[in-house]
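*Asks:* Start counting the sequence shown at 18; every next residue gets the next number (the numbering used here). Cβ coordinates follow ideal geometry from the N, Cα and C atoms, glycine included. Predicted, not measured: the structure shown is a model, and the values here were computed from it.
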Amino acid sequence: MKKRKLHNKILALFITFSMLIGGINISMIESKAADEENYAKLLQYSLYFYDANMCGAGVDTNSLLDWRGNCHTDDTISYTRKDGVTLNIDLTGGFHDAGDHVKFGLPESYAAFTLGMSYDTDKAAYEACGQTGHLKNITTYFADYLVKCAVLDANGNVESYCVQVGQGGGGFDHGYWGAPEDQKNDRNNRPIFFTNESEPSTDIVSLSAAALAMQYKNFGGASYLDMSKKLFEYAKNNNKAVNKTASAFYSSSGWEDDYCLAAIMLYNITGESSYLDEYNRYCNEGKATNVWWPYGWDNVAPAVYYYSGKSSELSNIMNTYMNNKNPDGFVCVNDWGSARYNTSMQYTGLLYDKSTGSSTYREWAKSQMSYLLGNNPSNQCYVVGYNEKSAKYPHHRAASGYTGGPKGTTTQAHVLTGALVGGPKNGGAYTDTADDYQCNEVAIDYNATLVAAAAALYTVYSGNGSQSIDANYYNDGNSGNNTGGSSGGTTGGNSGGTTGGNLGQSEAVNFSLLGIYIAGQDRNTITMGACTNLSDVSSLEFSWWACKDGENWIKIQDWTKGNQWITWKPTLFGDFVVVAKVRASGGDGTVLETATNVTHHPYIKGKCQMPYEGEGGGYLIGVESFENPNQSYRYEMLILDCTLLAQGLPAWTYTTGQCGVASGNALWTVWQPQYGYYWTLFRVYDKDGIMLDEACYGFVNAY
Ligand SMILES: [Zn+2]
């Protein structure tokens, strides 16, 4: 016994000594590695690629790069509609695809959606790094172009959609190597393609609808939502098939994933069940939600998972493709543009972590990004202009500054800051040369997941001390020095695996969690506290989560030390399960949790269901909103007959439809129900038909 104790003591001393040595090593590595973990700078730089690839008459005023100017300003075409009316369609704008100048519909809409999704999932990162303005400018420029691509008929419905401007191949755009500003605009050289009945391009039309819905979700703009709905109607009401125009370059394996993404986005925004019906019709068809490939232009199923509340399935994609490793550990699923799939998997893993409240993939994502930023045996950074290890010869016409074709390792005129190059092939081969379009091209789809992974990594690691934006590049007017503390409420996110070292030194904190106390609630905010058995909670950390309708988990607040209270402003309406988690700071990792139900109605002030004494009897039912600006709101009341529902018959037996009211802020109706059991559903919409709030109540007429 005694001997054993002595042994333990020696072991403890040994551990202390090696930790000291380890500590020195770690700090040395960290100062060297800071650049490879500086996600603030990476996010800032990576957005610049879109300034380099901007097209149209708005480049002068929108691009942050002085070496880019307006180009392809006569991307316009005369179009004769089915009703014989001839229109001049303006297709200027958008973004060049890659190192070339074609505008392919699929990566265009994919990049637009993915950048918007990144903002949606990691807003606080953009805010903390001062990048919201830059991101918004880029996604708005995308969205404006996607709107322009629609050809409307006399009734305002989509008759056709532009799926491509320019053409790949040596005889067309790819035969030109030079600045986009100097490219002679020639319709023979830069043809324009539209959908038609035999080629409806359901993939591109749907993904464009999803991108516009995302733009609306992030930044508003009724016209974007309106066009999103119209494009979805077009996809829904026409033949369904993938685009073939671009098949030599972007051959889509299926349209179902794109279609389901548009459907679920529109359902989440509007609450209209017709979109959910379409999602359900196709979500198990084709490649809608199969695990067959990482997130990318050909597979947006991971986004469908995320927005349909099935985030736990993201781990299937991760587990399938994480094994495709090069000998040096870099996960490589394809010779062509491997880094794009690597960054998309980083983002996918971090989405899984975020939505399940786990930390399963964060360290893996961090290590892969570290590899891409130069922490690898070749000392090669795959993001142009990021550090001294960066690739110098991307395959990109505008940046090269020369004409006549790619010229290997000839010095380029401009630094293509923030661009992710293709990356290593299977086995690890990579050469930094403009001639290699597999390893060294750049593209709007590549950078979309670089941006998304950077923002998601920032969200997780904002407190690790390496975060600092570059004062020489764009920020929203923040101090320009976003180190450490300015992480917008996300500090503590990296505390997952940092407590293991204090062997024998952490004092056990005995605590128990008693429940959640709702201290106050109004139409905008809910103030809650997690009750513990301790009067002093300074040694405890709390995090908060919410789940609506059993679907997506929303992180309300990351681990925060010493404060058991939060004030939550839900951005969704409806019924939530709120979960509070508690752990001891520096403790053994034990997490306790408790849950409560919360109902949040930001617009519906109340409802009334009372016997009607007038002629015919029945019930007077009404719904009241808090306000009714300029009498613009629409109200709707619907009745579900539970008896009919149980019999499998159509059960929605009554609706007022969407009604405005001439005065006040309530809608009333008299309803004369049969004997039975019902649900009453009350809804309020804004002037654009967006559902603002919805409340459901049981109703019994069986006494
Ligand atoms: Zn252009």
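#1: Can the beta-carbon of residue 561 be found closer than 8 Å to that of residue 574?
#2: How about residue 721 and residue 147: do their beta carbons lie closer than 8 Å?
#3: Indicate whether residue 679 and residue 134 have their beta-carbon atoms separated by less than 8 Å.
#4: Where do the ends of the alpha helix (DSSP H) carrying residue 624 lie?
#5: Below 8 Å, can you find three or more Cβ-Cβ pairs linking the segment 295-310 to the segment 259-268?
#6: For ligand 1, which residues have a Cβ under 5 Å from at least one heavy atom, in chain order?
#7: In terms of DSSP beta bridges, what is residue 537 paired with?
#8: Round the Cβ separation of residue 180 and residue 212 to the nearest angstrom and send it over; I've been treating them as touching at under 8 Å.
#9: Would you mind sorting residue 116 into buried or exposed? The rule is 16 or more other CB atoms within 10 Å of its CB.
#10: Do residue 688 and residue 636 have their C-beta atoms within less than 8 Å of each other?
#11: Using a Cβ-Cβ cut-off of 8 Å (strictly less than) and excluding sequence neighbours within five positions of residue 648, which residues of its own chain qualify?
#12: Tell me the DSSP secondary structure of residue 316 in three-state form.
#13: Nearest-angstrom Cα distance between residue 103 and residue 214?
#14: Rounding to the nearest angstrom, what Cα-Cα distance links residue 476 and residue 281 in this structure?
#15: Looking at residue 368 and residue 323, is the spacing between their C-beta atoms short of 8 Å?
#16: Less than 8 Å between the C-beta atoms of residue 531 and residue 599, yes or no?
#17: Within 10 Å of its beta-carbon, does residue 691 have 16 or more other beta-carbons around it, so buried, or fewer, so exposed?
#18: Alpha carbons only, please: which of 528, 537, 624 is nearest the one belonging to residue 605?
#19: With DSSP collapsed to three states, give me the class of residue 607.
#20: Report the rounded CA-to-CA distance for residue 707 versus residue 285, giving the unit in angstroms.
#21: Whole angstroms is fine: what's the gap from residue 124's alpha carbon to residue 188's?
#22: CB-CB under 7 Å to residue 642, same chain, minus the five flanking residues each way: which ones, in chain order?
#23: Can you tell which of 543, 98, 358 has the C-alpha that lies nearest to the C-alpha of residue 586?
#24: Report, in whole angstroms, the separation of the C-beta atoms of residue 90 and residue 109, which I expect to be a contact under 8 Å.
#25: What span of residues does the alpha helix (DSSP H) with residue 230 cover, start to end?
#26: Go to residue 278, then tell me how far its alpha helix (DSSP H) extends in each direction, as first and last residue.
#27: Please confirm if the segment 391-405 is in contact with the segment 300-312, defined as three or more CB-CB distances below 8 Å between the two stretches.
#28: Taking all protein chains shown into account, do 16 or more other C-beta atoms lie within 10 angstroms of the C-beta of residue 23, making it buried, or fewer, making it exposed?
#29: So what does DSSP say about residue 504, is it helix, strand or coil?
#30: Which residues bound the beta strand (DSSP E) around residue 695?
#31: Which same chain residues end up closer than 8 Å to residue 713 when comparing Cβ atoms and leaving out the 5 residues on each side of it in sequence?
#32: I need the straight-line Cα distance from residue 289 to residue 246, nearest angstrom please.
#33: Taking all protein chains shown into account, decide if residue 99 is buried (16 or more other Cβ within 10 angstroms of its Cβ) or exposed.
*Replies:* On the basis of the data shown:
#1: As a first step, residue 561 must be located in the sequence shown, where it is residue number 544. As a first step, residue 574 must be located in the sequence shown, where it is residue number 557. Result yes, Cβ atoms of residue 561 and residue 574 sit closer than 8 Å.
#2: Any question about residue 721 goes unanswered here, given that the chain covers just 18 to 720.
#3: The residue you call residue 679 lines up with position 662 of the sequence shown. The residue you call residue 134 lines up with position 117 of the sequence shown. No, the pair does not count as a contact, with Cβ atoms beyond the cut-off.
#4: One-based indexing of the sequence shown puts residue 624 at position 607. No alpha helix (DSSP H) holds residue 624; the beta strand (DSSP E) holding it covers 621-628.
#5: no
#6: 72, 88, 89, 197
#7: Locating residue 537 in the sequence shown gives position 520, counting from the first residue. DSSP lists 544 as partners of residue 537.
#8: What you label residue 180 is simply residue 163 of the sequence shown in a count that begins at 1. What you label residue 212 is simply residue 195 of the sequence shown in a count that begins at 1. The Cβ separation is near 6 Å, so the contact holds.
#9: Against the sequence shown, residue 116 aligns to sequence position 99. Buried.
#10: As a first step, residue 688 is located in the sequence shown; it is residue number 671 there, counting from the start. As a first step, residue 636 is located in the sequence shown; it is residue number 619 there, counting from the start. Result yes, Cβ atoms of residue 688 and residue 636 sit closer than 8 Å.
#11: Mapped onto the sequence shown, residue 648 falls at position 631. The residues are 677, 678, 679, 680.
#12: Along the sequence shown, read from residue 1 onward, the residue named residue 316 stands at position 299. In this structure, residue 316 counts as strand in the three-state DSSP scheme.
#13: As a working note, residue 103 is residue 86 in the sequence shown. As a working note, residue 214 is residue 197 in the sequence shown. Using only the alpha carbons, I get a separation of about 19 Å.
#14: Reading the sequence shown from its first residue, position 459 is the one you call residue 476. Reading the sequence shown from its first residue, position 264 is the one you call residue 281. About 25 Å.
#15: Residue 323 sits at position 306 when you count from the first residue of the sequence shown. Residue 368 sits at position 351 when you count from the first residue of the sequence shown. Yes, Cβ-Cβ distance for residue 323 and residue 368 is below 8 Å.
#16: The residue given as residue 531 occupies position 514 in the sequence shown. The residue given as residue 599 occupies position 582 in the sequence shown. Not a contact, by the Cβ cut-off of 8 Å.
#17: Taking the sequence shown and counting its residues from 1, one reaches residue 691 at position 674. Exposed is the call here.
#18: Position 588 of the sequence shown, counted from the start, is the residue given in the question as residue 605. That would be 528, whose Cα lies nearest to the Cα of residue 605.
#19: On the sequence shown, position 590 is the one that residue 607 refers to. The answer is coil: DSSP assigns residue 607 none of H, G, I, E or B.
#20: Your numbering for residue 707 matches position 690 in the sequence shown. Your numbering for residue 285 matches position 268 in the sequence shown. Cα to Cα, residue 707 sits roughly 11 Å from residue 285.
#21: Along the sequence shown, read from residue 1 onward, the residue named residue 124 stands at position 107. Along the sequence shown, read from residue 1 onward, the residue named residue 188 stands at position 171. The straight-line gap from Cα to Cα measures roughly 22 Å.
#22: In the sequence shown, residue 642 corresponds to position 625, counting from 1. Cβ within range, chain order: 620, 621, 622, 650, 682, 701.
#23: Start at 1 with the first residue of the sequence shown, and residue 586 comes out as number 569. That would be 543, whose Cα lies nearest to the Cα of residue 586.
#24: On the sequence shown, residue 90 is found 73 positions in, with the first residue counted as 1. On the sequence shown, residue 109 is found 92 positions in, with the first residue counted as 1. 6 Å between Cβ atoms; contact.
#25: For the purposes of this step, residue 230 is identified with residue 213 of the sequence shown, where counting begins at 1. Residues 219-236.
#26: Locating residue 278 in the sequence shown gives position 261, where the first residue counts as 1. Per DSSP, residue 278 belongs to the alpha helix (DSSP H) from 273-287.
#27: no
#28: Sequence index remark: in the sequence shown, residue 23 carries index 6 (1-based). Confidence in residue 23 is poor, its pLDDT being 31 and thus under 50, which makes the residue's placement unreliable; the coordinate value appears in the next sentence. Label assigned to residue 23: exposed.
#29: Taking the sequence shown and counting its residues from 1, the one referred to as residue 504 is at position 487. Confidence at residue 504 is low in this model, with a pLDDT of 29, below 50, so the placement of that residue is unreliable and no value is reported for it.
#30: As a first step, residue 695 must be located in the sequence shown, where it is residue number 678. It spans 693-702 - the beta strand (DSSP E) in which residue 695 sits, taken as one unbroken run.
#31: Stepping through the sequence shown from its first residue, residue 713 is reached at position 696. Taken in chain order, the residues that qualify are 696, 697, 698, 699.
#32: Here residue 289 is taken as the residue at index 272 of the sequence shown, counted from 1. Here residue 246 is taken as the residue at index 229 of the sequence shown, counted from 1. Straight-line Cα distance between these residues: approximately 11 Å.
#33: As a position in the sequence shown, residue 99 is number 82, starting the count at 1. Its Cβ having fewer than 16 others within 10 Å, residue 99 is exposed.
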